[in-house]
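Numbering (the working numbering), first residue to last: 41 to 342. Below is one structure, written out as structure tokens; the observations come after it.
If you want it as structure tokens, here you go:
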């Protein structure tokens with residue numbers, strides 16, 4: 041599993057994150073799906089190929105939505121995360137959803153009558169499957185949005201071929217009003233991508249991050265900027281809470297510190313080349329003699 045997949049799965053493993061994404065994307069921000077109504081679902085399903093070989097398909101994230109009052113399952117919600125346009129995505133989602141329904145059928149049980157021994161199948165209830173495709177790429181995702189965008193269907197056959205549509209959230213192209221429909225950490229991520237896509241200078245949100253570690257690691261893989269993940273290396277954010285203003289302040293400070301350290305190392309190396317004594321260098325660089333000696337030894341090896 042790639043670094044991107046791991047980061048996205050870790051972030052979307054939180055029930056409040058999933059509920060927020062679904063409510064903001066499908067229900068105009070209304071709290072239709074509650075975090076405490078979600079339970080983890082098996083993200084992979086099995087299917088048998090024509091040669092009889094058993095294969096597995098794995099979703100990025102899958103959750104069951106339960107009625108918390110009576111513990112009845114209402115739906116299966118799945119996420120697919122993309123940073124590049126996938127022209128087979130409608131077919132891919134069609135397969136995921138079909139396999140999920142197949143799994144529901146596989147939950148049926150065969151029971152035998154205690155008296156006659158006659159077997160019968162007990163049919164379990166079927167539940168809807170919803171898949172959201174979250175897209176973070178730079179190029180607008182205009183197509184494919186449905187099966188007809190992928191498969192050439194002659195007009196004469198269209199009455200008989202269902203046009204399966206996907207639920208796509210093109211995050212960088214959301215409007216500011218749509219971004220506000222998200223209430224949690226996903227709002228911060230969406231706000232970042234929307235601002236960057238608009239070409240304006242990014243003004244960081246002051247909203248507190250709830251899942252600092254997983255969110256900033258996800259930001260690193262989505263933006264290909266590891267400074268977000270590096271900013272939490274000392275774990276101080278996790279206990280104190282933070283916002284994107286503080287994250288960027290820390291990134292700037294770490295960059296300045298690295299620059300100062302680089303300049304100091306260049307100064308030490310130049311002084312060593314001039315055969316200045318280690319004791320003098322240590323005093324100027326505000327380091328111990330042992331530290332300067334170690335640098336001198338390393339430089340000599342190189």
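Glycine included, each C-beta is placed from N, C-alpha and C at the ideal position.
6 Å CB neighbourhood of residue i in its chain, flanking five on each side removed
i, result
"residue 123", "176 and 177"
"residue 205", "186"
"residue 152", "159"
Beta-bridge pairing of residue i - partner residues as DSSP gives them
i, result
"residue 105", "78 and 115"
"residue 172", "119 and 207"
"residue 339", "None, per the DSSP bridge assignment."
"residue 151", "160"
"residue 282", "249"
"residue 186", "205"
Helix, strand or coil at residue i according to DSSP, with G and I counted as helix
i, result
"residue 205", "strand"
"residue 156", "coil"
"residue 321", "helix"
"residue 161", "strand"
"residue 193", "coil"
"residue 313", "helix"
"residue 72", "coil"
"residue 140", "helix"
"residue 166", "coil"
"residue 124", "coil"
"residue 216", "helix"
When the options are compared against residue i, the one with the closest alpha-carbon
i, options, result
"residue 79", "230, 66, 105 and 191", "105"
"residue 77", "68, 58 and 66", "58"
"residue 47", "324, 310 and 264", "264"
"residue 139", "151, 156 and 118", "118"
"residue 146", "161, 153, 65 and 154", "161"
"residue 144", "258, 120, 114 and 338", "114"
Nonlocal neighbours in the same chain, by C-beta distance under 7 Å from residue i, ignoring five residues either side
i, result
"residue 262", "123 and 176"
"residue 188", "203"
"residue 73", "59, 62, 63 and 105"
Three or more C-beta pairs closer than 8 Å, one from the region 161–173 and one from the region 216–229: is that the case here? no
Could you tell me whether the region 213–221 touches the region 182–196, using the rule of 3 or more Cβ pairs below 8 Å? no
Are the region 197–213 and the region 125–142 touching by the rule of at least three beta carbon pairs closer than 8 Å? yes
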